[in-house]
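Taken in sequence, the protein lines are chains L and W.
The opening position of the first sequence corresponds to residue 30 in the working numbering, with each subsequent residue numbered one higher.
The opening position of the second sequence corresponds to residue 30 in the working numbering, with each subsequent residue numbered one higher.
Where is the CB? At the ideal position from N, CA and C, for every residue including glycine.
If you're wondering where the values come from, they're calculated on a predicted model, not measured in any experiment.
Working notes for the structure below.
2 protein chains.
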Amino acid sequence: MTLDERKQKVLQAIIKDYIATAEPVGSRTIAKKYDLGVSPATIRNEMADLEELGYIEQPHTSAGRIPSDRGYRYYVDCLMNKKIMSRDEEKHIIKGYQTKVKDVGTVLHQTNTIISNITNYASLLMGPQFSKSNLRHVQLVPLDHNKALVIVVTDNGMVQTRMIDLPQTINEEDLQKISQVMNAKLQGLSLEHIKRTLINEIYFELSKHKHIFDTTMEMIQETLSLDHEEKVYLAGTLNILNQPEFRDLNRVKTLLSLLEQDNVLKEILNEGSQMEEGTHVTIGAENKVTGLKDCSTITATYQINGRTVGSVGVIGPTRMDYEKAVAIVEFMTRHLSQMMKDFYGGS
Amino acid sequence: MTLDERKQKVLQAIIKDYIATAEPVGSRTIAKKYDLGVSPATIRNEMADLEELGYIEQPHTSAGRIPSDRGYRYYVDCLMNKKIMSRDEEKHIIKGYQTKVKDVGTVLHQTNTIISNITNYASLLMGPQFSKSNLRHVQLVPLDHNKALVIVVTDNGMVQTRMIDLPQTINEEDLQKISQVMNAKLQGLSLEHIKRTLINEIYFELSKHKHIFDTTMEMIQETLSLDHEEKVYLAGTLNILNQPEFRDLNRVKTLLSLLEQDNVLKEILNEGSQMEEGTHVTIGAENKVTGLKDCSTITATYQINGRTVGSVGVIGPTRMDYEKAVAIVEFMTRHLSQMMKDFYGGS
DNA sequence: ATTAGCACTCGACACTTTAGAGTGCTAACA
DNA sequence: TGTTAGCACTCTAAAGTGTCGAGTGCTAAT
Numbered sequence: 030m031t032l033d034e035r036k037q038k039v040l041q042a043i044i045k046d047y048i049a050t051a052e053p054v055g056s057r058t059i060a061k062k063y064d065l066g067v068s069p070a071t072i073r074n075e076m077a078d079l080e081e082l083g084y085i086e087q088p089h090t091s092a093g094r095i096p097s098d099r100g101y102r103y104y105v106d107c108l109m110n111k112k113i114m115s116r117d118e119e120k121h122i123i124k125g126y127q128t129k130v131k132d133v134g135t136v137l138h139q140t141n142t143i144i145s146n147i148t149n150y151a152s153l154l155m156g157p158q159f160s161k162s163n164l165r166h167v168q169l170v171p172l173d174h175n176k177a178l179v180i181v182v183t184d185n186g187m188v189q190t191r192m193i194d195l196p197q198t199i200n201e202e203d204l205q206k207i208s209q210v211m212n213a214k215l216q217g218l219s220l221e222h223i224k225r226t227l228i229n230e231i232y233f234e235l236s237k238h239k240h241i242f243d244t245t246m247e248m249i250q251e252t253l254s255l256d257h258e259e260k261v262y263l264a265g266t267l268n269i270l271n272q273p274e275f276r277d278l279n280r281v282k283t284l285l286s287l288l289e290q291d292n293v294l295k296e297i298l299n300e301g302s303q304m305e306e307g308t309h310v311t312i313g314a315e316n317k318v319t320g321l322k323d324c325s326t327i328t329a330t331y332q333i334n335g336r337t338v339g340s341v342g343v344i345g346p347t348r349m350d351y352e353k354a355v356a357i358v359e360f361m362t363r364h365l366s367q368m369m370k371d372f373y374g375g376s
Numbered sequence: 030m031t032l033d034e035r036k037q038k039v040l041q042a043i044i045k046d047y048i049a050t051a052e053p054v055g056s057r058t059i060a061k062k063y064d065l066g067v068s069p070a071t072i073r074n075e076m077a078d079l080e081e082l083g084y085i086e087q088p089h090t091s092a093g094r095i096p097s098d099r100g101y102r103y104y105v106d107c108l109m110n111k112k113i114m115s116r117d118e119e120k121h122i123i124k125g126y127q128t129k130v131k132d133v134g135t136v137l138h139q140t141n142t143i144i145s146n147i148t149n150y151a152s153l154l155m156g157p158q159f160s161k162s163n164l165r166h167v168q169l170v171p172l173d174h175n176k177a178l179v180i181v182v183t184d185n186g187m188v189q190t191r192m193i194d195l196p197q198t199i200n201e202e203d204l205q206k207i208s209q210v211m212n213a214k215l216q217g218l219s220l221e222h223i224k225r226t227l228i229n230e231i232y233f234e235l236s237k238h239k240h241i242f243d244t245t246m247e248m249i250q251e252t253l254s255l256d257h258e259e260k261v262y263l264a265g266t267l268n269i270l271n272q273p274e275f276r277d278l279n280r281v282k283t284l285l286s287l288l289e290q291d292n293v294l295k296e297i298l299n300e301g302s303q304m305e306e307g308t309h310v311t312i313g314a315e316n317k318v319t320g321l322k323d324c325s326t327i328t329a330t331y332q333i334n335g336r337t338v339g340s341v342g343v344i345g346p347t348r349m350d351y352e353k354a355v356a357i358v359e360f361m362t363r364h365l366s367q368m369m370k371d372f373y374g375g376s
């Protein structure tokens with residue numbers, strides 16, 4: 030479906046103006062503000078056509094037109110010229126990071142906050158998945174005669190700990206032994222894989238002491254398989270209160286309630302970019318989550334050393350500044366990937 | 030300042046009715062609904078007195094009266110009869126906990142959510158402070174030749190980890206040695222104390238190897254002193270959207286913005302109960318946080334084996350159901366203390 | 001001291017009016 | 001044939017108007 034050049038220009042003008050003003054835009058406004066070289070009357074005709082084609086719609090008879098989902102889609106796909114950020118802008122954004130960055134969690138958190146700040150929309154960010162990482166090191170640290178700490182370190186720097194009870198019969202050497210065997214057997218394997226096979230993998234090695242280790246092994250197994258679900262960061266939810274389309278309390282409530290639910294956030298992030306690279310824009314009713322039918326989302330993924338490990342998203346009203354938001358999301362994911370790389374060196 | 034019995038009854042009636050209906054209450058209503066045995070006219074006179082004394086106020090001439098902060102204060106201090114929960118209610122609340130409780134964090138989180146659900150206000154909960162706990166165990170776990178993990182375990186079961194870079198010159202035995210010395214010297218001391226004195230405490234012990242350990246020790250020092258600030262849980266913020274006093278978007282925005290700031294939450298929790306036991310009610314303008322002048326907070330602390338380690342709070346409009354909220358907060362802190370005790374056994 | 005009665009105040013709400021923005025259609029024009 | 005000016009028409013938002021009713025304070029009677 031392609032539009033002749035003037036229709037495109039009119040559509041573009043409508044969308045740009047509506048994004049900027051949030052007011053239905055009339056033929057007169059376009060003729061005045063956007064130099065198309067034709068009179069309002071002509072534009073009116075074009076608009077009637079565009080409406081018939083479904084790209085724009087009229088809230089009521091005596092109002093101007095507003096873009097429909099379809100209109101936005103056309104805009105995003107064909108009309109929008111991708112902005113690239115100037116060095117200055119990039120510098121300014123990067124300055125938003127607090128210099129002393131301590132750990133991955135902080136980096137992700139800050140990145141997310143920055144995105145929400147500069148876009149002025151709500152922003153979400155999904156951290157690396159524990160279970161998809163590979164085991165780097167596992168160790169049992171005895172605390173006293175009946176308690177020990179299981180420590181699991183992944184190759185991308187995540188650490189999980191858990192306290193376990195020990196049977197009376199086990200001693201420090203045994204723990205040392207278990208740690209050794211597990212590291213020897215399991216290092217480098219994905220946690221997802223380990224989850225399924227832990228017992229089998231080391232059953233043999235430890236079988237002679239099986240009666241002692243049994244419960245301990247079970248505990249460790251459990252620790253490894255605990256749903257250390259990927260964490261989802263959320264920031265800037267209140268930005269939506271600045272949007273005129275959310276002047277209605279009920280809408281606000283619906284949306285904020287949705288954003289409180291982790292599984293919804295994950296759905297949003299997964300919907301667009303199924304962990305494939307590239308930026309994905311979901312507009313209005315394209316959204317699968319009910320209650321988000323008048324919102325748009327922009328999602329993209331970030332990588333650690335080329336491997337996609339998480340994703341980033343922005344949620345705003347359908348009347349979103351797509352140009353700006355896309356540019357920001359793309360820059361930030363690029364930058365985040367870079368930071369992650371720096372973090373983990375090259376290993 | 031004491032009121033005669035009838036004034037008390039009138040004030041009580043006004044407050045109860047206003048809490049229930051959120052409408053200014055008139056003399057007629059009181060005469061009808063609350064059986065004081067006198068006519069509206071008499072009540073009007075009493076109300077005029079109460080207004081002069083500052084316990085109630087009139088939004089505008091032709092409206093009923095609403096309680097002032099002072100009125101609520103009097104109610105909370107003198108008029109309110111403390112509810113105690115029935116066994117049934119308690120059982121019902123406890124059922125809200127998901128049975129499989131894995132760790133302290135989850136317990137706190139769930140507790141907080143439950144509080145917000147049953148009060149229908151926003152609820153906050155401050156976890157145990159890392160820096161006020163005592164060191165139980167510290168250990169360096171070598172990951173590879175130039176990275177190690179510092180693990181700090183406190184007596185109340187909190188674990189913090191951090192990855193550090195190692196100088197080339199250090200070997201596994203050295204790490205072992207450091208761990209040993211640190212445990213010997215520091216176990217049982219408060220982290221706050223350790224923060225200030227780590228270097229001094231073990232300087233001597235390790236001084237012969239000082240040149241090797243220097244940077245490592247610095248890293249460890251830093252890990253221990255890292256602001257592992259107490260975590261603040263927040264739940265049910267959207268409950269305030271149900272309150273008729275928050276039908277105004279700006280108010281909602283102001284309040285929600287406040288609640289997004291961790292330091293504000295901490296201030297709220299610390300303001301009332303300076304870690305002393307007992308329930309504390311802060312009403313309206315008594316609140317130090319600007320922007321919370323039309324809210325009330327109820328705070329209380331919880332204990333682990335008798336030692337106060339954290340606090341719980343509820344935030345709602347001044348027109349809060351104090352009776353119910355206080356009862357819930359008191360029960361929940363008691364219950365939480367119990368759970369914490371179970372968690373850490375008796376040690 | 002209490003109460004009934006009454007005049008008065010004021011916000012809530014429904015209704016009307018008005019202004020203005022924007023449209024679609026038609027007829028004239030290049 | 002595409003473009004344009006002109007015009008009647010539609011519809012909303014905002015401002016103005018009138019009425020209703022809740023609630024009060026005061027006064028005089030009990």
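At a Cβ-Cβ threshold of 8 Å, W/LEU108 and W/GLN158 do not count as neighbours. A distance below 6 Å between beta-carbons, with the five flanking residues on each side excluded, links L/SER160 to the following residues of its chain, in chain order: LEU220 and GLU221.
For the segment 255-288 of chain L, the full-length beta strand (DSSP E) segments reaching 3 residues or more read 261-264 along the chain.
Of all C-beta pairs linking the segment 344-363 of chain W to the segment 92-108 of chain W, three or more are shorter than 8 Å, placing the two stretches in contact. For W/ASP173, the enclosing beta strand (DSSP E) begins and ends at 164-173. For L/THR266 and L/THR58, the gap between their C-alpha atoms comes out near 33 Å. With a minimum length of 4 residues, the unbroken runs of alpha helix (DSSP H) contained wholly in the segment 92-152 of chain L fall at 98-103, 116-123 and 133-148.
Burial is judged here by how many other beta carbons sit within 10 angstroms of a residue's own beta carbon; W/LYS45 has at least 16 and is buried.
Under the three-state reduction of DSSP, W/GLN41 is assigned to helix. Under the 8 Å criterion on CB atoms, W/ILE223 is classed as non-interfacial with respect to chain L.
Here L/THR337 carries a strand assignment [DSSP, helix/strand/coil]. Here the C-alpha atom of L/THR337 lies approximately 11 Å from the C-alpha atom of L/MET155.
Beta bridge pairing from DSSP links L/ILE312 with L/SER325.
Residue-level contact by beta carbon fails for L/LYS295 and chain W, as no gap is shorter than 8 Å. Taking 8 Å as the CB threshold, L/LYS282 lines the interface with chain W. When C-beta atoms of the segment 289-306 of chain W are compared with those of the segment 185-194 of chain W, fewer than three pairs fall below 8 Å, so the two segments do not count as touching. Only exposed fits W/ASP277, as fewer than 16 other CB atoms lie within 10 angstroms of its CB. Exclusion of the five residues before and after W/PRO53 leaves TYR47, GLN87, PRO88, ALA92, GLY93, ARG94 and ILE95 as the residues of its chain whose Cβ lies within less than 8 Å of its Cβ. If you check each beta-carbon in the segment 181-195 of chain W against every beta-carbon of chain L, the ones closer than 7 Å belong to VAL182, GLY186, VAL188, THR190 and MET192. Taking the Cα positions, W/GLY100 is about 55 Å away from W/VAL179.
Within the same chain, and ignoring the five residues on either side of W/ARG165 in sequence, the residues whose Cβ sits closer than 6 Å to its Cβ are VAL182, THR183 and ASP184. Under the DSSP definition of a beta bridge, W/ASP203 lacks any partner.
Annotated three-state conformation of L/MET361 is helix, per DSSP. In the three-state scheme derived from DSSP, where H, G and I count as helix and E and B as strand, W/VAL355 is classed as helix. Counting the other CB atoms within 10 Å of its CB gives W/GLU34 a total below 16, which places it among the exposed residues. Taken atom to atom, the span from the alpha-carbon of W/LEU294 to that of L/ASN334 is near 39 Å. Only those residues of the segment 147-175 of chain L whose C-beta falls short of 9 Å from the nearest C-beta of chain W are listed: ARG165, HIS166, GLN168, VAL170, PRO171, LEU172 and ASP173.
Contact between the segment 138-154 of chain W and the segment 357-367 of chain W is present, with at least three C-beta pairs closer than 8 Å. Here the alpha carbon of L/SER340 sits roughly 59 Å from the alpha carbon of W/TYR63. Cβ-Cβ distances below 8 Å link W/LYS38 to TYR63 and LEU65 in the same chain, with the five nearest sequence neighbours on each side left out; the list follows chain order. Burial is judged here by how many other beta carbons sit within 10 angstroms of a residue's own beta carbon; L/ASN316 has at least 16 and is buried. Here L/ILE297 is actually not in contact with L/LEU204; their C-beta atoms are around 43 Å apart, not less than 8 Å.
Excluding its 5 nearest sequence neighbours in each direction, W/PRO273 has C-beta neighbours in its own chain below 7 Å: ALA51, listed in chain order. For L/ASN268, the number of other beta carbons within 10 angstroms of its own is at least 16, and it is reported as buried. Note: L/VAL181 is bridge-paired with L/VAL167 and L/GLN189 in the DSSP secondary-structure output. In the three-state scheme derived from DSSP, where H, G and I count as helix and E and B as strand, L/TYR331 is classed as strand.
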